[in-house]
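Accompanying notes for the structure given below.
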Amino acid sequence: MAFATKNSPERDDAHAHSDPDPHPDDAHQDDAHAHLPDTVTQAVKILVVGAFGVGKTTLIGSVSEIRPLRTEERMTQASVGVDDLRGLGAKSETTVAMDFGRITLSPSLVLYLFGAPGQRRFWELWKGLVTGAIGLLVLVDTRRIEDSFEVLDQWERYSLPYVVAVNRFPDSAQYEDGEIREALDLPASVPVVTCEATDPRASQRALEALVRHAIEQHRHAAREALV
Ligand SMILES: Nc1nc2c(ncn2[C@@H]2O[C@H](COP(=O)(O)OP(=O)(O)OP(=O)(O)O)[C@@H](O)[C@H]2O)c(=O)[nH]1
Ligand SMILES: [Mg+2]
1 MAFATKNSPE RDDAHAHSDP DPHPDDAHQD DAHAHLPDTV TQAVKILVVG
51 AFGVGKTTLI GSVSEIRPLR TEERMTQASV GVDDLRGLGA KSETTVAMDF
101 GRITLSPSLV LYLFGAPGQR RFWELWKGLV TGAIGLLVLV DTRRIEDSFE
151 VLDQWERYSL PYVVAVNRFP DSAQYEDGEI REALDLPASV PVVTCEATDP
201 RASQRALEAL VRHAIEQHRH AAREALV
């Protein structure tokens, strides 16, 4: 299947709409995980970003070991024609400030996860949210890949290490990594992984890929600075 590409002249950031979908349950969180283990020595901040409706809130909700903080507001008539609901079933709410969650990746390492709203009207918020983050997990929905173009353009301005995570919805077509790279015009160094935001293990693997990539990039930058 052919994609529109990020650089194609017919690129179209316009939006359409259809019907909404409920939020998934965050069944695995319990209060036993409210406190950090004593073994944790490193805490890092990660941002989960991406276009409207790609699954940011779902991913943080599925992977977080604490009850996630959400700032969902019901979508109103004002978002009709602005927030594209194609393929999003019964989605009726959208994040208006941020998501927040936490996952302990190893006995010594904890990630603090911040979800940033994707719509243009929230871009000003990103400047505050991004402070102190070591990297970005950029979620993409290939059913509407063109929605990711301008969001990715904007995040690239922050020059943070990022990994593209293709969120597999039940009706998503399969694409080769090369097709995703070409469509998004990704630098060769940017890893592409697939996940399902509703699956905690797949979501965790995507976060692990980001942490590995961020560490490599920060090491590389440190080496360059010493030359
Ligand atoms: N089946 C399935 N549904 C998903 C998956 N990820 C997200 N969804 C659904 O897709 C819709 C959008 O997910 P959200 O988590 O709200 O997406 P978001 O990126 O936080 O959306 P905004 O904050 O509004 O930009 C919801 O109805 C989710 O239930 C997935 O991996 N599988
Ligand atoms: Mg959200």
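Be aware that the sequence shown starts at 1, since it is given in the UniProt record's numbering, and climbs by one per residue.
Think of the CB as a built atom: it goes at the ideal place given N, C-alpha and C, for glycine as much as any other residue.
Tell me whether residue i counts as near ligand 2, meaning its Cβ is closer than 7 Å to at least one heavy atom of that ligand.
i: T198; result: no
Can you look up residue i in the DSSP assignment and give me helix, strand or coil?
i: L160; result: coil
i: S106; result: strand
i: A221; result: helix
i: P22; result: Per-residue confidence for P22 stands at a pLDDT of 45, beneath the threshold of 50, marking its modelled position as unreliable; no derived number is given.
i: E73; result: strand
i: Q119; result: coil
i: L139; result: strand
i: L111; result: strand
i: I134; result: strand
i: S8; result: coil
i: H17; result: Only weak support is given to the placement of H17: the predicted model assigns it a pLDDT of 42, under 50, and the value that follows is read from those uncertain coordinates. Looking at H17 - three-state DSSP - the assignment turns out to be coil, as it is neither helix nor strand.
Any heavy atom of ligand 1 inside 7 Å of the beta-carbon of residue i?
i: R168; result: yes
i: L88; result: yes
i: V54; result: yes
i: G101; result: no
i: G128; result: no
i: G50; result: yes
i: K45; result: no
i: K6; result: no
Please report the Cβ distance between residue i and residue j, rounded to the nearest whole angstrom; I am assuming they are in contact, meaning their Cβ atoms lie under 8 Å.
i: L36; j: V151; result: Wrong, their Cβ atoms sit about 32 Å apart, outside the cutoff.
i: L210; j: G135; result: 5 Å
i: residue 315; j: E179; result: Here the chain covers residues 1 to 227 and nothing more, so residue 315 does not appear.
i: V190; j: V166; result: Contact doesn't hold; Cβ gap of about 12 Å is too wide.
i: S172; j: R143; result: 6 Å
Fill in: Residue ranges of each alpha helix (DSSP H) within the stretch 149-202, 4 or longer
If we require 4 residues or more, the alpha helix (DSSP H) runs fully inside the stretch 149-202 come out as 177-184.
Worksheet entry | Beta carbon shell of ligand 2 at less than 7 Å from a heavy atom | K56, T57, E72, T94, T95, D99, G115, P117
Fill in: 3-residue-minimum beta strand (DSSP E) runs that sit fully inside the stretch 39-93, ordered along the chain
42-50, 72-74
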